[in-house]
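Read the structure below first, then the notes.
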Amino acid sequence: MAQWKSNGCDTLAQTADYNGKSQQEAHDMLGEPSSTEQFLLGEGATEFRIGLLNVFSQEKDAGRTIREETWVDGDCRLTLWLAQDDDVWSVRQGLVWPGDAEF
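Under our numbering, the sequence shown has 78 at position 78, and the numbering climbs by one with no breaks.
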């Protein structure tokens, strides 16, 4: 069982366990993600990503590129959102969620 799954994933749960880790550190801990997507914060705000507005300013950071990486373990999902500063991608927020969640 994946460490991030140890508390279950029956409901949506934010996780700060990876916040501040570089993309490489996250990949070393978790392996390669099942999927990766990039979007501009100002164009990719969906209900699923609404928590990013607690981390970034919608006005100031609208043009910021966000990388979304998701890991899958059975019915559980871990999604990490990363942003780039000084050529280093780092985790800013994470979410553990059930695969059948509707957004």
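Virtual Cβ for every residue (Gly too), placed ideally from N, Cα, C.
Note that the structure is predicted; figures quoted are calculated from it, not measured.
Compare the C-alpha of residue i against each of the options and name the closest.
| i | options | result |
| --- | --- | --- |
| PHE56 | ASP75, LEU40, GLU69 and TYR18 | LEU40 |
| TRP89 | GLN38, LEU78, ARG77 and VAL96 | GLN38 |
| GLY51 | LYS5, TRP4, GLN3 and VAL96 | VAL96 |
| GLN23 | GLY99, ASP100, LEU80 and GLU102 | LEU80 |
| ALA62 | LEU12, THR36 and GLU43 | GLU43 |
| MET119 | THR36, ALA16 and GLN3 | Nothing about residue 119 can be reported from this structure: the residues present for the chain run from 1 to 103 only. |
| GLU32 | TRP71, LYS60 and GLU47 | TRP71 |
| PHE103 | LEU53, LYS5, ARG77 and GLU47 | GLU47 |
| ALA26 | LEU78, GLY99 and ALA101 | LEU78 |
Pull the bridge partners of residue i from the DSSP assignment, please.
| i | result |
| --- | --- |
| ARG109 | The structure shown does not extend to residue 109, since the chain is modelled only from 1 through 103, so no value can be given for it. |
| THR15 | GLY94 |
| ILE66 | PHE39 and ALA83 |
| VAL72 | ARG77 |
| SER57 | According to DSSP, which records beta bridges pairwise, SER57 is partnered with nothing at all. |
Am I right that residue i and residue j are in contact with their C-beta atoms under 8 Å? What's the rounded C-beta distance?
| i | j | result |
| --- | --- | --- |
| GLN93 | ASN19 | 7 Å |
| ASP75 | ASP100 | 7 Å |
Just verifying my parser: in three-state terms, what is the DSSP assignment at residue i?
| i | result |
| --- | --- |
| LEU41 | coil |
| ASP100 | coil |
Decide yes or no for the touch test of the stretch 60–68 against the stretch 82–100: beta carbon pairs closer than 8 Å, at least 3 of them. Here the stretch 60–68 makes contact with the stretch 82–100; the two share three or more CB pairs at distances below 8 Å.
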